[in-house]
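The structure appears right after this line, and notes come after that.
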Amino acid sequence: MALLELLQTSPAWLTVSAGLLGLIIGSFLNVVALRLPARMFYQWRRECREMLELPPGDEPAPDGLVLPRSRCPHCRAAIRARDNTPVLGWLLLRGRCRDCGAGISPRYPIVEAVTGLLSAGVAWHFGFSPEALFALGLTWALIALTVIDLDHMILPDNITLPLVWAGLLLSLGGWFSDPVSAIIGAAAGYLSLWGVFHLFRLLTGKEGMGYGDFKLLAVFGAWLGWQALPGVILFSSLVGAVVGITLIVTGRQERTVPIPFGPYLAAAGWIMLMWGDQINATYLRFVGV
């Protein structure tokens, strides 16, 4: 009880606690981003073999999301608990495996640090409230989706669809949006990008984005209401265009190679989650409405 009272009365303690929790969650999100796609691909291959009436094959099942323990991607040695401390463990080992000495990607501590910082920001913004708890869950899911999309250019239904339903259910309690706005937002979010997708394919014969992007925009429509969708689309399109053009001009990205759009949607949606009301109010004042 004393801890709850401290978190409720002290924004600083709440922020620090959320940041530390975010570091731990970030470590788990690294595992999710690595293992969930592997499990999905494994299941898809099994289903394809069944549909083609082929033998099941002897491919071993990939690791689960919780077990076994994390291992070095090079020598497969289990990572010791003390070395698995978020951010600090990687720094103390200087980014190398204790057993084989091979380098370990800095992406792991980066994801942990970003998760900690964003979690602290959510706690500071919403305070000790149910909204903070729900916003933390959405933030963590968006980070996982971002990393997976950067790696594989997919946004798993296992994450996006539960988020849509969660947003709709939360609207029943008046959190973040009302039911009418949430329902319209989920439908409008999906259908708007669905329409752009088919129009682009009709004009060019190519697919400009994936269905996961439709579902992710539907997530923000369900959570934040249809009023947030223009801001999400505008911010994600602007940032995506700037980053894409920069990568092409600097030679780091071929013009014909697709760029995942999910990370830009996720970033824009998180901004609207945090400051959407202020952004919309500023826009309305600017246009004189």
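Numbered per my numbering, the sequence shown spans residues 1236 to 1524. For each residue, glycine too, the CB sits at the ideal point set by N, CA and C.
- Sixteen is the threshold: since fewer than 16 other Cβ atoms of the shown chains lie within 10 Å of the Cβ of Phe1276, the residue is exposed.
- Less than 8 Å separates the beta-carbon of Asp1386 from that of Ala1268.
- In the structure shown, the three-state DSSP call for Arg1490 is coil.
- Going by beta carbons, Gly1324 and Gly1330 fall outside the 8 Å limit.
- Beyond the five residues adjoining it in sequence on each side, Gly1257 comes within less than 6 Å, by CB distance, of Thr1350, Gly1351, Ser1354 in the same chain, given in chain order.
- Annotation for Pro1272: the continuous alpha helix (DSSP H) segment containing it runs 1246–1286.
- Less than 8 Å separates the beta-carbon of Leu1464 from that of Leu1452.
- Just so you know, the alpha carbons of Asp1293 and Ile1383 end up roughly 26 Å apart.
- Contiguous alpha helix (DSSP H) elements confined to the segment 1429–1501 occur at 1446–1459, 1464–1484, taking only those with 4 or more residues.
- When C-beta atoms of the segment 1422–1438 are compared with those of the segment 1371–1380, fewer than three pairs fall below 8 Å, so the two segments do not count as touching.
- Residues of the same chain with a CB within less than 8 Å of the CB of Gly1299, apart from the 5 flanking positions on each side, are Arg1270, Arg1274 in chain order.
- In the three-state DSSP reduction, Arg1331 falls in the strand class (E or B).
- Taking a cut-off of 8 Å on C-beta distances, the segment 1445–1461 touches the segment 1417–1427, as three or more cross pairs fall below it.
- The residue from Ser1252, Ile1494, Trp1461, Thr1374 with its alpha-carbon nearest to that of Val1477 is Ile1494.
- Here the C-alpha atom of Gly1497 lies approximately 9 Å from the C-alpha atom of Met1444.
- In the structure shown, Arg1315 adopts coil according to DSSP, grouped into three states.
- For Arg1304, the secondary structure class from DSSP, reduced to helix, strand or coil, is coil.
- The beta carbons of Gly1409 and Leu1459 sit no closer together than 8 Å.
- Rounded to whole angstroms, Gly1466 and Ala1457 show a C-alpha spacing of 14 Å.
- Pairing Glu1282 with Val1322 gives a Cβ-Cβ distance that is not under 8 Å.
- With a 10 Å radius around the Cβ and a threshold of 16 neighbouring Cβ atoms, Ser1340 comes out exposed.
- Per DSSP, reduced to three states, the secondary structure at Gly1424 is helical.
- Beta bridge pairing from DSSP links Gly1338 with Arg1331.
- Annotation: the continuous alpha helix (DSSP H) that includes Glu1366 extends over 1365–1387.
- When the alpha-carbon of Leu1289 is set against those of Ala1296, Arg1280, Pro1297, Pro1295, the nearest one is in Arg1280.
- Sixteen is the threshold: since fewer than 16 other Cβ atoms of the shown chains lie within 10 Å of the Cβ of Thr1485, the residue is exposed.
- DSSP places Val1322 in no alpha helix (DSSP H); its state is neither H nor E.
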